[in-house]
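Enquirer:
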């Protein structure tokens, strides 16, 4: 077992050979194992893609010196927001609290993003915001969401090129369910919403990474 990735016996032998003799060509590895190069090709591909080995043309294979935990950590730190972001769910700033509650229920989300007539992000609505507004004898059909929303610039945002791990840290730090993915406009500090990152997106990323590791076992 190497870190979190379980290698088969032949892959362990390949790693041992490369550690001791690297750089070494695939042909020389095959000779030491009394196997053909074609037989070893899938194992070498797996070890290279997983990050245990590096391959250099006309030179051979090198051992990276990294264990499974290090490789998993490196993989997590390379994931970008755009790989897991989902579509945003928005409401207009002029919509009523009642409209927002209906949208949240129908879309089955915990956060709504509020946009103005130019489709720029102006606010965020959480379940708590809508629950608070619906308590008592307030006329939720008449109250616009811009009265109760969290406004810019007090909104945590991210961009599609950001690292997903950084957004995860923001979710935990702010104790929120969702962060809007935005792109800049021609105006300073004015953004267009193009996506969202939620705790569900984070869970999917974690499951995908785990499944990738299982595929290597």
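Residue numbers (our numbering): 458 to 674. For each residue, glycine too, the CB sits at the ideal point set by N, CA and C.
#1: State the start and end residues of the unbroken alpha helix (DSSP H) segment that holds residue 564.
#2: Within this structure, are the beta carbons of residue 480 and residue 517 separated by less than 7 Å?
#3: What are the partner residues of residue 581, as DSSP defines its beta bridges?
#4: Using a Cβ-Cβ cutoff of less than 8 Å, which residues in the same chain neighbour residue 575 once the five nearest sequence positions on both sides are dropped?
#5: Count the C-beta pairs between the stretch 639-648 and the stretch 614-624 that are closer than 8 Å, then say yes if the count reaches three, no if not.
#6: Look up residue 666 in the DSSP assignment and say whether it is helix, strand or coil.
#7: The beta strand (DSSP E) spanning residue 654 covers which residue range?
#8: Would you call residue 664 buried or exposed, if buried means 16 or more other Cβ atoms sit within 10 Å of its Cβ?
#9: Excluding the five sequence neighbours on either side, which residues of its own chain have a C-beta within less than 7 Å of the C-beta of residue 631, listed in chain order?
#10: Please report the residue range of the alpha helix (DSSP H) in which residue 472 lies.
#11: State the beta-bridge partners of residue 550 as determined by DSSP.
#12: Below 8 Å on the Cβ atoms is my contact criterion, and I expect residue 654 with residue 624 to pass it. Report the Cβ-Cβ distance as a whole number of Å.
#13: Given that a residue counts as buried once 16 or more other Cβ atoms are within 10 Å of its Cβ, and exposed if not, what is residue 660?
#14: Can you tell me where the beta strand (DSSP E) holding residue 637 begins and where it ends?
#15: Buried or exposed for residue 636, going by 16 or more other Cβ atoms inside 10 Å?
#16: Between which residues of its own chain and residue 607 is the CB-CB distance below 8 Å, once the five residues before and five after are set aside?
#17: Going by the beta-carbon positions, is the gap between residue 503 and residue 486 smaller than 7 Å?
#18: In angstroms, rounded to a whole number, what distance separates the CA positions of residue 550 and residue 618?
#19: Would you kindly work out how many angstroms separate the C-alpha atoms of residue 534 and residue 658, rounded to a whole number?
Expert: Here's the rundown:
#1: 554-564
#2: yes
#3: 570, 607
#4: none
#5: yes
#6: helix
#7: 648-655
#8: exposed
#9: 613
#10: 466-478
#11: Residue 550 pairs with nothing; no bridge assigned.
#12: 5 Å
#13: exposed
#14: 635-641
#15: buried
#16: 580, 581, 582, 583, 586
#17: no
#18: 28 Å
#19: 15 Å
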